[in-house]
Amino acid sequence: MKIDEKLDTCGLNCPLPLLKAKQALNSMTSGLVLEVISTDPGSVRDFEVFSNQSGHRLLKSSEDDGVYCYWLRKA
10 MKIDEKLDTC GLNCPLPLLK AKQALNSMTS GLVLEVISTD PGSVRDFEVF
60 SNQSGHRLLK SSEDDGVYCY WLRKA
(Lines of atoms letter the chains of each structure in order from A and count residues from 1; the text may use other names and numbers.)
(Lines give C-alpha, C1' and ligand atoms only; values in the text may rest on other atoms or scores of the structure.)
Protein backbone atom coordinates (compact mmCIF):
# COMPACT_ATOMS: atom_id res chain seq x y z
CA MET A 1 0.00 0.00 0.00
CA LYS A 2 1.32 3.43 -0.93
CA ILE A 3 1.55 5.72 2.11
CA ASP A 4 1.45 9.44 1.39
CA GLU A 5 1.94 10.69 4.96
CA LYS A 6 3.00 9.02 8.18
CA LEU A 7 2.03 10.18 11.67
CA ASP A 8 3.66 8.79 14.82
CA THR A 9 1.48 9.35 17.90
CA CYS A 10 3.23 6.80 20.13
CA GLY A 11 3.13 7.80 23.77
CA LEU A 12 0.06 10.01 23.33
CA ASN A 13 -3.22 9.08 24.99
CA CYS A 14 -6.82 9.59 23.94
CA PRO A 15 -7.92 11.87 22.38
CA LEU A 16 -4.57 13.12 21.03
CA PRO A 17 -3.86 10.37 18.43
CA LEU A 18 -7.23 11.00 16.77
CA LEU A 19 -6.95 14.80 17.00
CA LYS A 20 -3.51 14.76 15.39
CA ALA A 21 -4.80 12.42 12.66
CA LYS A 22 -7.70 14.80 11.98
CA GLN A 23 -5.26 17.71 11.65
CA ALA A 24 -3.08 15.73 9.27
CA LEU A 25 -6.06 14.67 7.15
CA ASN A 26 -7.28 18.27 6.94
CA SER A 27 -4.03 19.27 5.24
CA MET A 28 -4.11 16.36 2.76
CA THR A 29 -5.68 16.09 -0.68
CA SER A 30 -8.62 13.74 -1.26
CA GLY A 31 -7.56 10.18 -2.06
CA LEU A 32 -4.22 10.28 -0.24
CA VAL A 33 -3.38 7.72 2.47
CA LEU A 34 -2.34 8.57 6.02
CA GLU A 35 -0.62 5.99 8.21
CA VAL A 36 -1.05 6.55 11.95
CA ILE A 37 1.02 4.69 14.55
CA SER A 38 -0.20 4.69 18.15
CA THR A 39 0.39 2.96 21.47
CA ASP A 40 -3.02 3.92 22.89
CA PRO A 41 -5.32 0.85 23.09
CA GLY A 42 -8.36 3.16 23.06
CA SER A 43 -7.40 4.32 19.58
CA VAL A 44 -8.83 1.11 18.08
CA ARG A 45 -12.39 2.15 18.85
CA ASP A 46 -11.66 5.83 18.17
CA PHE A 47 -10.43 5.27 14.62
CA GLU A 48 -13.27 2.87 13.75
CA VAL A 49 -15.92 5.34 14.92
CA PHE A 50 -14.11 8.27 13.31
CA SER A 51 -13.93 6.58 9.91
CA ASN A 52 -17.64 5.69 10.03
CA GLN A 53 -18.66 9.23 10.95
CA SER A 54 -16.19 11.28 8.88
CA GLY A 55 -16.32 9.52 5.52
CA HIS A 56 -12.57 8.89 5.56
CA ARG A 57 -12.01 5.22 4.78
CA LEU A 58 -10.18 3.02 7.29
CA LEU A 59 -8.31 0.82 4.82
CA LYS A 60 -6.63 -1.37 7.41
CA SER A 61 -5.76 -1.54 11.08
CA SER A 62 -3.30 -3.80 12.85
CA GLU A 63 -1.76 -4.39 16.26
CA ASP A 64 1.68 -5.79 16.99
CA ASP A 65 2.97 -6.00 20.56
CA GLY A 66 1.00 -2.97 21.77
CA VAL A 67 1.66 -0.82 18.70
CA TYR A 68 -1.42 0.01 16.66
CA CYS A 69 -1.30 1.05 12.99
CA TYR A 70 -4.11 2.59 10.97
CA TRP A 71 -4.28 3.42 7.29
CA LEU A 72 -6.85 6.05 6.37
CA ARG A 73 -7.78 7.25 2.89
CA LYS A 74 -8.80 10.92 2.85
CA ALA A 75 -12.38 11.40 1.62
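Heads up: the sequence shown begins at 10 in the working numbering, then just goes up one per residue.
Note that beta-carbon positions come from the ideal geometry of N, C-alpha and C, so glycine has one too.
Round the Cβ separation of residue i and residue j to the nearest angstrom and send it over; I've been treating them as touching at under 8 Å.
i: Lys83; j: Ser39; result: 5 Å
i: Leu66; j: Leu81; result: Reading off the sequence, residue 66 comes out as Arg, not Leu. Indeed, because the Cβ distance is near 7 Å, the residues count as touching under 8 Å.
Could you spell out where the alpha helix (DSSP H) holding residue i opens and where it closes?
i: Asp55; result: 52-63
i: Leu27; result: 25-35
Exposed or buried, which one is residue i when buried takes at least 16 other CB atoms within 10 Å?
i: Ser71; result: exposed
i: Val76; result: exposed
i: Pro24; result: exposed
Which residues mark the beginning and the end of the beta strand (DSSP E) in which residue i is found?
i: Leu67; result: 66-73
i: Leu43; result: 42-47
i: Cys78; result: 76-82
How many Å lie between residue i and residue j at the Cα?
i: Glu14; j: Lys69; result: 15 Å
i: Ser52; j: Gly64; result: 17 Å
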